[in-house]
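Numbered by this note's numbering, the letters in the sequence shown go through residues 330 to 544 in order.
Everything below concerns the one structure shown next.
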Amino acid sequence: MQNVIEQTIKFVKITLANAETGHDWFHIERVYKTAQTINAIEKGDQLVVELAALLHDIADSKFNNGDEEIGPQKAGDFLKTIGVEDETILHVQEIIRNLSYKASLGEITFKSKELDVVQDADRLDAIGAIGIARAFTYGGYKNRVLYDPAIPTNLNMSKEEYKNTTAPTLNHFYEKLLLLKDLMKTETGKLMAQQRHEFMLSYLDQFYAEWEGKK
């Protein structure tokens with residue numbers, strides 16, 4: 330197992346060498362470590378959890394013209410080359426296919442403990458101090474404004490609307506980030522999310538106070 334993980338880490342580092350910084354190797358590494366922390370308590374299949382965590386953003390659809398199958402395909406092709414069993418490959422591909430927030434806005438057709446673990450780990454990296462940094466990094470990458478009081482949040486977006494939104498970065502807090510705490514699947518993930526959620530609320534209070542010139 331260790332050799333498989335080492336080869337996968339090497340593959341991911343090479344593949345994501347020039348990735349946008351919110352979805353780079355360091356994001357993968359954080360999700361990988363958090364998934365290990367959660368799975369130590371939740372007791373899912375360790376190999377599936379670790380491979381899915383490492384490969385979950387190997388070809389993010391956001392950076393591949395919206396192609397939602399390129400990630401599972403690329404992960405599967407790689408895992409075959411290092412001799413991973415077909416059953417494990419298929420499970421990892423289903424996790425990648427169903428992991429994202431936008432996937433949860435459509436029909437959910439796959440469930441597993443391992444998906445819950447990796448999904449919680451990925452969502453935890455989207456909230457708290459690092460989540461805030463990632464949100465504004467991606468907003469800058471897409472040339473979005475920080476905040477515009479004239480542009481309301483959309484709390485009932487369809488999957489297509491979510492994929493195509495160009496709203497200010499601060500809207501993203503209400504349209505996704507602040508919703509994640511209540512979407513955690515594992516008990517461990519729920520506990521970890523609480524403090525990060527509260528940090529974001531404090532950040533928003535500070536942001537609005539500064540925006541109005543009060544602090």
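Glycine is no exception: its CB is placed at the ideal position from the N, C-alpha and C atoms.
Can you look up residue i in the DSSP assignment and give me helix, strand or coil?
{"i": "glutamate 436", "result": "coil"}
{"i": "lysine 403", "result": "helix"}
{"i": "serine 487", "result": "coil"}
{"i": "glutamate 335", "result": "helix"}
{"i": "methionine 513", "result": "coil"}
{"i": "glycine 457", "result": "helix"}
{"i": "serine 429", "result": "coil"}
{"i": "arginine 463", "result": "helix"}
{"i": "lysine 543", "result": "coil"}
{"i": "serine 441", "result": "coil"}
{"i": "glutamate 423", "result": "helix"}
{"i": "histidine 356", "result": "helix"}
{"i": "alanine 348", "result": "coil"}
{"i": "alanine 479", "result": "coil"}
{"i": "asparagine 472", "result": "coil"}
{"i": "lysine 505", "result": "coil"}
{"i": "phenylalanine 392", "result": "Here phenylalanine 392 scores only 48 on pLDDT, less than 50, and its place in the model is too uncertain to base an answer on."}
{"i": "valine 377", "result": "helix"}
{"i": "histidine 385", "result": "coil"}
Which residue from the options puts its Cα closest to that of residue i?
{"i": "aspartate 451", "options": "Gly518, Leu484, Pro497", "result": "Gly518"}
{"i": "glutamine 422", "options": "Tyr430, Lys442, Pro401", "result": "Pro401"}
{"i": "methionine 513", "options": "Ile456, Thr466, Asp415, Ile418", "result": "Ile456"}
{"i": "aspartate 454", "options": "Tyr361, Glu504, Asn427, Asn332", "result": "Tyr361"}
{"i": "tryptophan 354", "options": "Ala364, Gln365, Lys339, Ile367", "result": "Lys339"}
{"i": "tyrosine 470", "options": "Thr498, Asn485, Ala458", "result": "Thr498"}
{"i": "tyrosine 476", "options": "Phe502, Glu443, Lys440", "result": "Phe502"}
{"i": "alanine 522", "options": "Leu506, Tyr537, Leu383", "result": "Leu506"}
{"i": "aspartate 449", "options": "Asp534, Glu371, Glu335, Gln331", "result": "Glu371"}
{"i": "valine 341", "options": "Glu358, Asn332, Met330", "result": "Glu358"}
Let me confirm a value: residue i is counted as buried when at least 16 other C-beta atoms fall within 10 Å, else exposed. Which label applies?
{"i": "leucine 530", "result": "exposed"}
{"i": "asparagine 347", "result": "exposed"}
{"i": "serine 487", "result": "exposed"}
{"i": "glutamate 527", "result": "exposed"}
{"i": "alanine 520", "result": "Correcting the residue identity first, residue 520 is leucine in this sequence and not alanine. Looking at its Cβ environment, which holds fewer than 16 other Cβ atoms inside 10 Å, leucine 520 is exposed."}
{"i": "glycine 373", "result": "buried"}
{"i": "asparagine 368", "result": "buried"}
{"i": "isoleucine 343", "result": "exposed"}
{"i": "leucine 408", "result": "buried"}
{"i": "threonine 410", "result": "exposed"}
{"i": "alanine 538", "result": "exposed"}
{"i": "glutamate 443", "result": "buried"}
Please state if the CB of residue j and the CB of residue i are separated by a distance shorter than 7 Å.
{"i": "isoleucine 461", "j": "tyrosine 532", "result": "yes"}
{"i": "threonine 417", "j": "valine 377", "result": "yes"}
{"i": "glutamate 504", "j": "threonine 482", "result": "yes"}
{"i": "alanine 364", "j": "leucine 384", "result": "no"}
{"i": "aspartate 386", "j": "histidine 352", "result": "yes"}
When you measure from the CB of residue i to every non-hydrogen atom of the ligand SAM, does any distance come out below 6 Å?
{"i": "phenylalanine 355", "result": "Annotation note on the ligand SAM: not contained in the displayed structure, which lists no ligands."}
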